[in-house]
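J.:
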Amino acid sequence: MIFSLDVRPARKGDCMLLHWGEPSDPRLMLIDGGPANVFTPHLAPRLEEIRNARGLSEDDVLPVDVLCVSHIDDDHIHGILDMTGQLLATRASRRQVPIHILGCWHNSFDDLIGNSQKETSASITAQFGTAALNGQPPEHGDIEPDAARILASVEQGHRLRSDAEALEIAINPQFENALIVAKQGEEPLTLDGGLTVTVIGPMEAELEALRKKFTEWLREQRRRRRDAEAALAAFADKSVPNLSSIVLLVEMNGRKILLTGDARGDKILEGLELAGHLPSEGSLHVNVLKVPHHGSSNNMERIFFERVTADHYVFSGDGEHGNPERATLEMLFEARGDKPFTLHFTYPVQSIDQKRVSDREKAHKRGHAVSEWLDERDALETLFASRNMEAHSQRIIFSEPDRSHVIDLGSPLGF
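Note that this note's numbering has the sequence shown beginning at 45, numbered continuously upward.
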């Protein structure tokens, strides 16, 4: 049986493919699509390689069993919109659409907060103008970059739903077309091909808190625009990615992969306990852990790596926004000690560190209080060089250009 995680370079975001099933009847899940400039150079060629490996002709359609968009954030959803846009353009030209997506797993912002799409858009445009829905400057004054990105992501979620409807892709069909949410005592879902899926997040209690926060933000619209903007940025940037990310534990033949999106470490632990996979004060071992939030140290503590251990740790990030952060790696090393494991990175360590240096310099120019870069203290490359990893059977694998990066837990994928 095939059970493989296929990790794609996705700049500062996430883009992965999960392969499972019999070699004669392989199944496929696409998990996020990264930000702009990921679909064309990295995802589309890989989909073509999958087509070729399956022996499909130009007239054949590649089935994608599940498209999972973990949450609304540009570095997860933009590449998916590039893909659906291309599929719609292909269909409009009366050519054969090369991919058939059987179902899309996605919690829209509107569903999360209990609003209609029209109500959400009206709330945003009333405060910031219609341009804000596309991430453009508002019609009455400046807007902080983070706020613009968040506002645009809400509209990206709307476009995903619109594209899915046009392409006749069912939304959350295995969940009765409702929200994907972790519930106590919920039975795992079994997909064709033998994949077992347990929803670990988001949790209903967190979504209820999210709805209350959004209601509070709507009330803030009566105050000064700057206050409302700051409230939205704080609300959406901290709450939507961290609390509403779809977190999945996927299993086959006793092997486990934990897919975390941008969820907070403490919330992942709560979700695992809720689902009965993590004993109170105990630990869970998985074969592959997609490290949350691109390896950011925000909302991450050492206890997470003590309670969720893995054979393989996947860090998806190119150094932008400082991710993966050295502090996160230090937590992991401290938690695991001399136990064997493999670290996987989507870019070479030198290029990650270069972008982390550049990111810090940009922050300094913007007037942020940041310390001067010191290789001994800040560089990932220096951290790795300081550790005797080989002696403990600890390995590091960096993605290479034009080569697939696949973690096989069953029969080798082979391409």
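The C-beta atom is built at its ideal place from N, Cα and C for all residues, glycine as well. Being a predicted model, the structure only gives us computed values, none of them experimental.
(1) Can you tell me where the beta strand (DSSP E) with Val352 in it begins and where it stops?
(2) Should Gly361 go down as buried or exposed, given a rule of 16 or more other Cβ atoms within 10 Å for buried?
(3) Here's the rule: buried if 16 or more other CB atoms are within 10 angstroms of the residue's CB, otherwise exposed. What is Leu418?
(4) Would you report the Cα separation of Ser324 and Leu318, rounded to the nearest angstrom?
(5) Pick helix, strand or coil for Arg55, following the three-state DSSP scheme.
(6) Please go through the same chain and pick out, in chain order, the residues whose beta-carbon is closer than 6 angstroms to the beta-carbon of Ala88, but skip the five residues on each side of it.
(7) According to the Cβ coordinates, are Thr353 and Ile441 closer than 8 angstroms?
(8) Since Ala226 contacts Val243 with CB under 8 angstroms, what's their CB separation in whole angstroms?
(9) To the nearest angstrom, report how far apart Lys399 and Glu220 are at their CA atoms.
(10) At the level of alpha carbons, what is the spacing between Leu376 and His388?
(11) For Pro182, count neighbouring Cβ atoms within 10 angstroms of its own Cβ and tell me buried if that reaches 16, exposed if not.
(12) Under 7 angstroms Cβ to Cβ from Ile46, same chain only, skipping five residues before and after it: list those, please.
(13) If we ignore side chains and look at the alpha-carbon of each, how far apart do Glu250 and Ser288 end up?
(14) Taking C-beta to C-beta, are Ser114 and Ile451 nearer than 8 angstroms?
(15) Comparing alpha-carbon positions, which option in His338, Asp104, Lys406 lies nearest Ala307?
(16) Beta-carbon within less than 6 angstroms of Asn367's beta-carbon, same chain only, minus the 5 sequence neighbours each way: which residues are those?
(17) CA-CA distance, Glu314 and Leu254?
(18) If you follow the alpha helix (DSSP H) that Lys399 is part of, which residue opens it and which one closes it?
(19) Expressed to the nearest angstrom, what Euclidean distance is found between the alpha-carbon atoms of Leu204 and Ala429?
(20) For Gln438, which residues does DSSP report across the bridge?
(21) If you compare alpha carbons, which of Arg439, Gln394, His436, Gly78 is closest to Asp422?
(22) Is the beta carbon of Met73 closer than 8 angstroms to that of Asp109?
(23) Just checking my contact of Ile143 with Gly77 at CB under 8 angstroms: how many whole Å lie between their CB atoms?
(24) Would you identify the three-state DSSP class for Asp118, choosing helix, strand or coil?
(25) Thinking just about the alpha-carbon of each residue, which of Leu146, Ala97, Ser437, Arg431 is nearest to the one in Glu378?
(26) Do Leu373 and Lys396 come within 8 angstroms of each other at the CB atom, strictly closer than that value?
(27) Mind checking which residues open and close the beta strand (DSSP E) that includes Asn331?
(28) Going by C-alpha distance, which of His436, Arg138, Ser415 is nearest Gly381?
(29) Examine the Cβ distances between the region 209 to 218 and the region 125 to 134 and report whether three or more of them are shorter than 8 angstroms.
(30) Which residue comes first and which comes last in the beta strand (DSSP E) that contains Ile301?
(31) Within 10 angstroms of the Cβ of Ser152, are there 16 or more other Cβ atoms? Answer buried if so, exposed if not.
(32) Out of Thr426, Val291, Val198, Gln140, state which residue places its alpha-carbon closest to the alpha-carbon of Leu106.
(33) Tell me the DSSP bridge mates of Trp64?
(34) Glu317 lies in the alpha helix (DSSP H); which residues open and close that run?
(35) State yes or no: is the C-beta of Arg55 within less than 8 angstroms of the C-beta of Asn81?
T.: Short version:
(1) 352 to 359
(2) buried
(3) exposed
(4) 10 angstroms
(5) coil
(6) none
(7) no
(8) 5 angstroms
(9) 43 angstroms
(10) 13 angstroms
(11) Low confidence applies here, because Pro182 scores a pLDDT of 49, under 50, leaving its location unreliable and the question unanswered by this model.
(12) His63, Trp64, Gly65, Pro67, Pro70, Gly454, Ser455, Leu457
(13) 8 angstroms
(14) no
(15) His338
(16) His338, Gly339, Ser340, Gly361
(17) 17 angstroms
(18) 393 to 409
(19) 43 angstroms
(20) Phe385
(21) Gln394
(22) yes
(23) That pair is no contact at about 12 angstroms.
(24) helix
(25) Arg431
(26) According to the sequence shown, residue 396 is Ile rather than Lys. Contact flag unset, no.
(27) 328 to 334
(28) His436
(29) yes
(30) 299 to 303
(31) buried
(32) Gln140
(33) Phe47, Arg71
(34) 309 to 318
(35) yes
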